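Residue numbers 1 to 546, in UniProt numbering, belong to the letters of the sequence shown in order. For every residue, glycine included, the Cβ atom is placed at its ideal position computed from N, Cα and C. Nothing here was measured: the structure is a model prediction, and the numbers come from that model. Since the structure comes first, as structure tokens, the remarks are kept for the end.
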Amino acid sequence: MSWKAIAKAAQAEVLDAIPTKWKLDPAKYRTLTDVTSVPRECGILSDAQLSITDLTALEVVKRIESRELTAVQALEAFGARTAIAHQLVNCLMDWFYEDGLRQAEELDKSFKATGKLKGPLHGVPVALKDFHFVAGRPTTTGYVSRRDFRPEHDSALVKTLRDAGAVFYCKTTMPQSGMAIETVSNLWGRTLNPYNTALSAGGSSGGDAVLVALKGTPITPSTDLGGSIRVPAAFNGLYAIRPTSDRIPKGGMDNINSGQISIKLSCGPICHSMEDLEAFTKLINAYPENQNDPTSVPVPWKTVKPIEGKLTIGLMKWDKVVMPHPPVIRALEHTKRTLEKAGHEVVEFDVPFDCWDAIQTTFDTYYQSGHSGTLSTLEATGEPLIPAFEDLIKVFGSKEISAAESQQLNVKARIFREKFRDAWDATTKLTSTGRPVDALICPTAPAVGYPHDFNVYWGYTSLFNLLDYPSVILPVANFKVNPQDDPVASNYKPLETNPYDKPNHELYKPELFSSQPSTIQVVGRPFQDEELIKVSSVMDDLLRAM
């Protein structure tokens, strides 16, 4: 069977599994570009179900505990909304609703008999990215040749969530190989942005992000090796965190670029609130549930005192490689003014090294085997590379390196980390408090979104994978692109020293991004995830109050 036939059958299988009662009329929405209102207006969900899908994960648990809601009712509401979302933006690669229904029924039965919740996610419908191992369900990593691969066990993280009472009922799309900032594959097709279907959903956790944005699930355990949690969250106006990588267990699951552990995969939530973000990150922290997992460090979750006095925040507007579009800069300046108005302090922060050298080092580290694993996987069925991956090869090359060269990359990475640490420590000279900044704010990407197949610069997120600094994505409430406030920067002359800055500059037209949400990235220091969350929560309260 050809790869095209395999893909066609796989996509049809998911769509056909959706119950008829939740099917949309495709012709009715074919020309709609902003589909965010469709779940509420299509008439499939009742008012009660719409109210349920407006709940955060923690609110779902509270309603179940107070007996205002059952796990089955929660799944029926979120399941219906997931079905609608998939038909609008193509975000699913597996649908096993009946399995989820059995889980929900068991949880309701147990709660009725004992009055005790199974755990902190009791009854919460949780969608899982393709990449996660779920016993008996497909894990394809976006490759046609892996269409029929079904692991026999749950990964450590999935087991933790299941033990906490999460209800699994679907898996979401990711790009071919997972190494793309757009979610598209030959196997599952293209996942669309619900705010503008002509723009990218982000990647590699694009299926997760659009499903959360359309409220088909309140939260997802997404993964990030170069920006794969943060970019999709940003393009869909959501909350997210990429924790310090060693704090999260990855046992029992595939590793993208298996064998490369110099830059490590992290897992964290995409969701609708800081409260959900904090509770979920604490839950998946390696200690105590996975304290013996060899892929993580058993660091206990710390209780951080409420912040007293003013925050000191470092502002990194750009990295001297790719100039962000005007609305990205304006969102950062808006955040700066909001913080200062509340009595906090913001100082300028410059990265203490060449960020173009850093991203080249990052990609050399990712692909020390010269893409051989990806290319051999494609050859099994003859499927082609997706454009996003082709672009990476064109920019960064594809060469297998020696052991000595690999060791030299590790030396470079350590030097980058030491220089960044020193620059952060040196902010004591800039702050009125005499202490280093509490966090940095910076772009997540050079734009609030991108057209499909645009060659996107990863540097604003991959830098913090190389350094292994935790980072949070915060929505900037009620902040939209408009021509008056965000005119084209006609005086800016793009750099010729890299292949990204000029195309990024030439792309910008305010009207192209008028429906896109805005976010900022907040960065903390390694293993200080709890402190980062506290700082981000203060900032979130201020931004939402504006």
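- In the DSSP assignment, find the unbroken beta strand (DSSP E) run with residue 559 in it and report its ends. A question about residue 559 goes unanswered here, because the residues of the chain that appear run from 1 up to 546.
- Would a C-beta distance cut-off of 8 Å place Val522 and Leu467 closer than the cut-off? no
- Closer than 7 Å by C-beta to Ser406: which residues in its own chain qualify, once you throw out the five before and the five after it? Chain order, please. Gln368
- Between which two residues does the beta strand (DSSP E) harbouring Ser222 extend? Ile219 to Asp224
- CB of Phe131 within 8 Å of CB of Asp254, strictly: yes
- Message: Would Glu345 and Thr444 qualify as a contact pair, given that the criterion is a beta-carbon distance under 8 Å?
- Response: no
- Quick one: complete beta strand (DSSP E) runs, 3+ long, within the stretch 102-131? 125-129
- Query: CA-CA distance, Glu340 and Arg330?
  - Reply: 15 Å
- Query: Between Asp391, Leu409, Thr281 and Val231, which lies nearest to Leu121 when the distance is taken from Cα to Cα?
  - Reply: Thr281
- Message: Check this for me: beta carbons of Ala358 and Ser262, under 8 Å apart or not?
- Response: no
- Message: Just verifying my parser: in three-state terms, what is the DSSP assignment at Phe168?
- Response: strand
- Task: Could you give the DSSP three-state label for residue 566: helix, strand or coil?
- Result: This structure cannot settle anything about residue 566, because the visible part of the chain is limited to 1 through 546.
- Query: Between which two residues does the alpha helix (DSSP H) containing Val538 stretch?
  - Reply: Asp529 to Ala545
- Task: Hey, could you find the ends of the alpha helix (DSSP H) Leu284 is sitting in?
- Result: One point to set straight first is that residue 284 is Ile, not Leu, in the sequence displayed. Segment Met274 to Ile284, the alpha helix (DSSP H) holding Ile284.
- Message: Quick check on Val351: does DSSP put it in helix, strand or coil?
- Response: coil
- Message: To the nearest angstrom, how far is the alpha carbon of Met546 from that of Ala477?
- Response: 8 Å
- Would the beta-carbon of Lys534 fall within 8 Å of that of Ile307? yes
- Could you tell me how far apart the beta carbons of Lys502 and Pro510 are, in whole angstroms, since I believe they sit closer than 8 Å? Rounded, the Cβ-Cβ distance is 19 Å, inconsistent with contact.
- Query: Would you call Asp350 buried or exposed, if buried means 16 or more other Cβ atoms sit within 10 Å of its Cβ?
  - Reply: exposed
- Reduced DSSP secondary structure (H/G/I, E/B, other) of Arg190: strand
- Query: Which same chain residues, not among the five before or five after Ala17, have their C-beta less than 7 Å away from its C-beta?
  - Reply: Trp95
- Query: Pick from Thr519, Leu107 and Phe235: whose alpha carbon is nearest that of His452?
  - Reply: Phe235
- Answer yes if the stretch 217-226 comes into contact with the stretch 110-128, meaning at least three C-beta pairs across the two stretches below 8 Å, and no otherwise. yes
- Output the distance between the C-alpha atoms of Lys336 and Gly434, rounded to the nearest integer angstrom. 19 Å
- Message: Only counting the same chain, and skipping five residues up and downstream in sequence, which positions put a Cβ closer than 7 Å to that of Trp3?
- Response: Val144, Asn186, Thr381, Gly382 and Glu383
- Item | Touch test, the stretch 131-141 against the stretch 171-178, Cβ-Cβ under 8 Å, three pairs minimum | yes
- Task: Could you pull out every unbroken beta strand (DSSP E) segment of at least 3 residues lying fully inside the stretch 280-316, listed in chain order?
- Result: 312-315
- Message: Counting C-beta neighbours from all protein chains within 10 Å, is the total for Asn498 16 or more, i.e. buried, or is it exposed?
- Response: buried
- Look at the Cβ atom of Val304, then the Cβ atom of Val448, and state whether they are nearer than 8 Å. no
- Message: Just to check my reading of the structure: Arg230 and Ser471 have Cβ atoms closer than 8 Å, yes? What is that Cβ distance to the nearest angstrom?
- Response: 6 Å
- Task: Quick one: residues in its chain with C-beta nearer than 7 Å to the C-beta of Leu161, no 5 flanking neighbours on either side, listed in chain order?
- Result: Leu121, Val126 and Pro221
- Identity of the residues DSSP links to Gln521 by a beta bridge: Cys442 and Ile473
- Task: Pull up the CB-CB distance for residue 548 and Pro294, whole angstroms please, since I reckon it's below 8 Å.
- Result: The question about residue 548 has no answer, for the chain in this structure spans 1 to 546.
- Message: Less than 7 Å between C-beta atoms, sequence neighbours within five positions excluded: which residues of the same chain meet that for Glu278?
- Response: Ile533
- Message: Distance check for Pro436 and Arg421, CA to CA, integer angstroms please.
- Response: 11 Å
- Query: Is the stretch 37-56 in contact with the stretch 77-88, if contact means three or more CB pairs nearer than 8 Å?
  - Reply: yes
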